[in-house]
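So the protein sequences, as listed, match chains A and B. Numbering-wise, the first sequence is residues 282 to 671 according to our numbering. Numbering-wise, the second sequence is residues 7 to 409 according to our numbering. Shown next, in structure tokens, is the structure this report addresses.
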Amino acid sequence: MDLELSEEQQLLKDSVNGLLARRYPDVVKTRAEMAKEAGGYSSVSWKEWADQGLLAIPFSEEDGGLGQGPVEMMLVGQAIGRTLALEPFLATVVLGGGILRHAASAAQRQRLVPEIAAGNLTLALAHQEKQSRFDLFDVATTAKPDGSGGYVLEGEKMVVLNGDSAAKLIVSARTSGDRRAKDGIGLFLVDAKAPGVSIRGYATQDGSRAADISLSSVKVGKDDVLGDPGKALAALERTADEAIAFLAADAVGAMEVLHEATLEYAKTRKQFGQTIGSFQVIQHRLVDMFTALEQARSIALYGSMMAGEDDTTERRRAVHAVKVQIGKSARLIGQDAIQLHGGIGMTSEYKAGHYFKRLTMIELAFGNTDHHLRALVRLGGLIEASKPAA
Amino acid sequence: MDLRFSPEEVAFREEVRTFFQTQVPLSIRRKVIEGRELTKDDIVTSHKALHKRGWATPGWAKEWGGTGWTPVQFYIFGEEMQMNGVPAPVGFNVTMHGPVLIQFGTEEQKKHHLPRIAACDDFWCQGFSEPGAGSDLASLKTTAVREGDHYIVNGQKIWTTLAQYADWIFCLVRTDTTTAKKQLGISYLMIDMKTPGITTRPIITMDGGREVNEVFFDTVKVPVENLVGEEGRGWDCAKYLLGNERTGIARVGTSKMRVARIKELARLVPSGSGSLMDDERFAEKVALVEVELKALEMTQLRIISEDRKSGRGGTPNPASSILKIKGSELQQATTELLMEIAGPLALPYVKQDPDDIGHNEGPVGVDWALPTAPQYFNNRKVSIYGGTNEIQHNIIAKAVLGF
Numbered sequence: 282m283d284l285e286l287s288e289e290q291q292l293l294k295d296s297v298n299g300l301l302a303r304r305y306p307d308v309v310k311t312r313a314e315m316a317k318e319a320g321g322y323s324s325v326s327w328k329e330w331a332d333q334g335l336l337a338i339p340f341s342e343e344d345g346g347l348g349q350g351p352v353e354m355m356l357v358g359q360a361i362g363r364t365l366a367l368e369p370f371l372a373t374v375v376l377g378g379g380i381l382r383h384a385a386s387a388a389q390r391q392r393l394v395p396e397i398a399a400g401n402l403t404l405a406l407a408h409q410e411k412q413s414r415f416d417l418f419d420v421a422t423t424a425k426p427d428g429s430g431g432y433v434l435e436g437e438k439m440v441v442l443n444g445d446s447a448a449k450l451i452v453s454a455r456t457s458g459d460r461r462a463k464d465g466i467g468l469f470l471v472d473a474k475a476p477g478v479s480i481r482g483y484a485t486q487d488g489s490r491a492a493d494i495s496l497s498s499v500k501v502g503k504d505d506v507l508g509d510p511g512k513a514l515a516a517l518e519r520t521a522d523e524a525i526a527f528l529a530a531d532a533v534g535a536m537e538v539l540h541e542a543t544l545e546y547a548k549t550r551k552q553f554g555q556t557i558g559s560f561q562v563i564q565h566r567l568v569d570m571f572t573a574l575e576q577a578r579s580i581a582l583y584g585s586m587m588a589g590e591d592d593t594t595e596r597r598r599a600v601h602a603v604k605v606q607i608g609k610s611a612r613l614i615g616q617d618a619i620q621l622h623g624g625i626g627m628t629s630e631y632k633a634g635h636y637f638k639r640l641t642m643i644e645l646a647f648g649n650t651d652h653h654l655r656a657l658v659r660l661g662g663l664i665e666a667s668k669p670a671a
Numbered sequence: 007m008d009l010r011f012s013p014e015e016v017a018f019r020e021e022v023r024t025f026f027q028t029q030v031p032l033s034i035r036r037k038v039i040e041g042r043e044l045t046k047d048d049i050v051t052s053h054k055a056l057h058k059r060g061w062a063t064p065g066w067a068k069e070w071g072g073t074g075w076t077p078v079q080f081y082i083f084g085e086e087m088q089m090n091g092v093p094a095p096v097g098f099n100v101t102m103h104g105p106v107l108i109q110f111g112t113e114e115q116k117k118h119h120l121p122r123i124a125a126c127d128d129f130w131c132q133g134f135s136e137p138g139a140g141s142d143l144a145s146l147k148t149t150a151v152r153e154g155d156h157y158i159v160n161g162q163k164i165w166t167t168l169a170q171y172a173d174w175i176f177c178l179v180r181t182d183t184t185t186a187k188k189q190l191g192i193s194y195l196m197i198d199m200k201t202p203g204i205t206t207r208p209i210i211t212m213d214g215g216r217e218v219n220e221v222f223f224d225t226v227k228v229p230v231e232n233l234v235g236e237e238g239r240g241w242d243c244a245k246y247l248l249g250n251e252r253t254g255i256a257r258v259g260t261s262k263m264r265v266a267r268i269k270e271l272a273r274l275v276p277s278g279s280g281s282l283m284d285d286e287r288f289a290e291k292v293a294l295v296e297v298e299l300k301a302l303e304m305t306q307l308r309i310i311s312e313d314r315k316s317g318r319g320g321t322p323n324p325a326s327s328i329l330k331i332k333g334s335e336l337q338q339a340t341t342e343l344l345m346e347i348a349g350p351l352a353l354p355y356v357k358q359d360p361d362d363i364g365h366n367e368g369p370v371g372v373d374w375a376l377p378t379a380p381q382y383f384n385n386r387k388v389s390i391y392g393g394t395n396e397i398q399h400n401i402i403a404k405a406v407l408g409f
């Protein structure tokens, strides 16, 4: 049992925090400038991420990666959360990369991973559909065999993160079964410029970008079929689990900043001739935020250590617990940060609202608190029932 | 970074668990698991079993019988103790007075008292709180006036847990009433409970329990050699004592044991077409407790892991300050859920004492359900004792947030 960072991990943490602090000297202003660029982020910055090796973290060394794990990913996530960084790390490395690691063949990985690691290839996971809400198995988009090992895709995807800037899309589509059948889902690599792909991009509530994507007779060659085209759900679930662990760290970074900002504000803002932090009611609210933050930090750490667990049930139990605690902590810290700031917290020019919106979007991604609480109950919770006394 | 315990740690857990399950009587452990009150004999029997194995005073300096365990071993020991329903060694002896004596006592005091404290040959109780000094402990008024070789003690202590069992009491008393700062002028005295002038009166708590007492001192003569540390510096002892327990305070193992029990019992209770555990609303409440508990367990492990790196006694991780608040909330949540399982079966009141109110005679109600309400009522104390949770908020605001 050792929960301390290794020397290498501490170095990574320092370097990624350093990079992002340089890139985002003023979170609100820098983001506003980046939003004007194509795709909603700085491609120059993305190259820097590549140069520092960040885009290679989770991939195996044979595939051209660094062979690191969820703990390193957590460190990146936390840094992103602290700066609300807009670079498509989640879309490309966590989600796209996750699918490649869990579904793609060695040949496919060795073709694509070096490109990702070099910052030349961005990905987006086109999975969400209008009706699917939090159910990963709910897929209406279809994939019909074209007779020569390839497929033809037909359907509509929604809220695809960074879907308007990705060079390639990973599309989930049904090769057999009903819309909500767990079998019969495939994953397909599609060029964003391929004939029949129509992409409508837009800004999201948290200042990032997403797209609705329509697929009309989109042809996929057999080399671009990722894994068994009827058995992709496991890879999707595994990737979603990793994304939740990653987003937990992202949320912890954002919660840290909100707590720091609110604390500083309480110590400087004067009313009735004294700082508002001199009032016990304000102090106690900040202590509750601190408690929620520490609990979130602990569960995110747990998530990062369980995200790579191969036992599906154990991993899922942990991931459900992570999303529940993060959702609870994020709501408390986000809402209280705005409340304790008062009017200034409501403005778009001040940072608190931006962090609050980010936390709110994280809560809605990959299943909200209630969804994961119910799922945890279905798996029997974390603790075994005791046995009646002999 | 690794959540797994080392093979040595796993073996240690096995050793500890086997010891608890074979050397501490099942009848005593069942009482703890089922939430029943322990007798003095239960507490002392369990304490002595641990002492015999050298495990009653693991946290003490090695020369006085400590084990020199790593922080992880302490964690494992505490967790297994709580999960197996083993009563902790008497806290007043082991985590409160003993460490104070080791730190502040004279060689004579240590040689005479420590072995008896460790073996629980003497049962100690704590005389800190007074009617006018609760969270504001330094306001205490019990006086000790020096007359020759003795202090003459007058005053009253309250909420004195298990004073009815105690052979000795360690007390904060005021030896100087003229100091400007009220923390000064307080001294730490050991008083033999058999000394003439001491009266103990039980305070019956709302659960019917006889756990806490008032202790009155009427011209009680205490030899000056029973002063611990310097006269007027008792506040140092008190601060040392209160800061001594850091991670055990969360009682994660106890709450885990109760969650396991909640699941055991809720499966036996019908609800709708299935059991109460199939009731989504109930099951979600249990799951919410489990999630918070897992986070708290990780918080505790974070602190231990850091302790191990920096050595115990380094600057405490700020996260350690949340253990009392979250830990008490979860202890209370689990006792509330247990009572909820019992439902109407929680209602029958069982006499705790021949003098008790009520006319119930003989066995009433259903065994497993009877202790759930008293346990729920009793556990309201955990957010009050040791500094109320509101005081804990003040402490964190000051020490961690810098207000």
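By construction, the Cβ of each residue, glycine as well, lies at the ideal position given by its N, Cα and C atoms.
(1) How many whole angstroms separate the CB atoms of L293 (chain A) and E353 (chain A), which I take to be in contact at a CB cut-off of 8 Å?
(2) What residues match up with Y305 (chain A) in a beta bridge as DSSP calls it?
(3) Only counting the same chain, and skipping five residues up and downstream in sequence, which positions put a Cβ closer than 6 Å to that of L301 (chain A)?
(4) Helix or strand or just coil, what does DSSP make of I401 (chain B)?
(5) Residues of the stretch 265–281 of chain B in Cβ contact with chain A at a cutoff of 7 Å, in chain order, please.
(6) Can you list, in chain order, the stretches of the alpha helix (DSSP H) that have 4 or more residues and sit fully within the stretch 501–558 of chain A?
(7) Give a yes or no on whether the minimum CB-CB distance between I255 (chain B) and chain A is below 9 Å.
(8) With a 10 Å radius around its C-beta and 16 neighbouring C-beta atoms as the bar for buried, classify Y483 (chain A) as buried or exposed.
(9) Measure the alpha-carbon distance for E217 (chain B) versus D8 (chain B) and round it to whole angstroms.
(10) Looking at the secondary structure, which residues open and close the beta strand (DSSP E) in which S193 (chain B) lies?
(11) Could you tell me the alpha carbon to alpha carbon distance between A671 (chain A) and S33 (chain B), rounded to whole angstroms?
(12) Which stretch, first to last residue, makes up the beta strand (DSSP E) that contains F110 (chain B)?
(13) According to DSSP, is D617 (chain A) helix, strand or coil?
(14) Any C-beta of chain A sitting closer than 9 Å to the C-beta of G399 (chain B)?
(15) May I have the straight-line CA-CA distance separating D344 (chain A) from T340 (chain B), to the nearest angstrom?
(16) Would you mind telling me which residues of chain B sit closer than 8 Å to R655 (chain A), beta carbon to beta carbon, in chain order?
(17) Does DSSP classify A352 (chain B) as helix, strand or coil?
(18) Find out if the Cβ-Cβ distance for the pair S311 (chain B), M282 (chain A) is shorter than 9 Å.
(19) Over what stretch of residues does the alpha helix (DSSP H) that includes A125 (chain B) continue unbroken?
(20) Contact check, A573 (chain A) vs L613 (chain A) under 8 Å by CB: the rounded distance?
(21) Can you tell me which of the three DSSP states A421 (chain A) falls into?
(22) Considering just the uninterrupted stretch of the alpha helix (DSSP H) at Y631 (chain A), what are its terminal residues?
(23) Have a look at G214 (chain B) and A379 (chain B) and give me their C-alpha separation to the nearest angstrom.
(24) By the 10 Å Cβ neighbour count, where 16 or more other Cβ atoms means buried, how is M102 (chain B) classified, buried or exposed?
(25) Would you call R36 (chain B) buried or exposed, if buried means 16 or more other Cβ atoms sit within 10 Å of its Cβ?
(26) For a cutoff of 9 Å on Cβ pairs, would you count Y583 (chain A) as touching chain B?
(27) Run the CB neighbour count on Q552 (chain A), radius 10 Å, all protein chains shown included, and call it buried at 16 or more, exposed below.
(28) Anything in chain A within Cβ reach of K332 (chain B), meaning under 9 Å, just list it in chain order.
(29) Tell me which same chain residues have a C-beta within less than 6 Å of the C-beta of E342 (chain B), skipping the five on either side of it?
(30) Nearest CA to the CA of V600 (chain A): which residue from A:V297, A:P351 and A:I625?
(31) Would you tell me roughly how many angstroms separate the C-alpha atoms of R461 (chain A) and V275 (chain B), rounded to the nearest one?
(32) Note down, in chain order, all residues in the stretch 18–44 of chain B with a beta-carbon under 8 Å from any beta-carbon belonging to chain A.
(33) Counting along the chain, where does the beta strand (DSSP E) carrying V295 (chain B) start and finish?
(34) Which residue marks the beginning of the alpha helix (DSSP H) containing G436 (chain A), and which one marks its end?
(35) Determine which residues of the stretch 488–522 of chain A have a Cβ less than 9 Å from any Cβ of chain B, and write them out in chain order.
(36) Could you list which residues in chain B have their beta carbon closer than 8 Å to that of G558 (chain A), in chain order?
Judging by the given coordinates:
(1) 6 Å
(2) Y305 (chain A) is not bridged to any residue.
(3) A360, T364 and A366
(4) helix
(5) V265, A266, R267, K269, E270 and R273
(6) 514–549
(7) no
(8) That one is exposed.
(9) 42 Å
(10) I192 to D198
(11) Residue confidence for A671 (chain A) is low, a pLDDT of 47 falling below 50, so the modelled location carries little weight; the figure read from the coordinates is stated next. Spanning the two alpha carbons is a distance of roughly 11 Å.
(12) Premise fails: F110 (chain B) lies in the alpha helix (DSSP H), G104 to F110, not in any beta strand (DSSP E).
(13) Here D617 (chain A) sits in helix by DSSP.
(14) Strictly speaking, residue 399 (chain B) in this sequence is His, with Gly absent from that position. Judged by the 9 Å Cβ criterion, H399 (chain B) is in contact with chain A.
(15) Going from the Cα of D344 (chain A) to the Cα of T340 (chain B) covers about 49 Å.
(16) Residues of chain B passing the Cβ test: E286 and E290.
(17) helix
(18) Yes, they are a contact pair.
(19) E113 to A125
(20) 5 Å
(21) Three-state DSSP puts A421 (chain A) in coil, outside helix and strand.
(22) Here Y631 (chain A) belongs to no alpha helix (DSSP H), and DSSP marks it neither H nor E.
(23) 11 Å
(24) Label assigned to M102 (chain B): buried.
(25) exposed
(26) With 9 Å as the cut-off, Y583 (chain A) counts as an interface residue toward chain B.
(27) Q552 (chain A) should be labelled exposed.
(28) Within chain A, the residues near K332 (chain B) are T572, E575 and Q576.
(29) Correct list, in chain order: Y382.
(30) A:P351
(31) 34 Å
(32) L32, R36 and I39
(33) That residue, V295 (chain B), is in no beta strand (DSSP E); its alpha helix (DSSP H) goes E286 to S316.
(34) Note, G436 (chain A): premise wrong, no alpha helix (DSSP H); beta strand (DSSP E) at Y432 to L442.
(35) none
(36) F409
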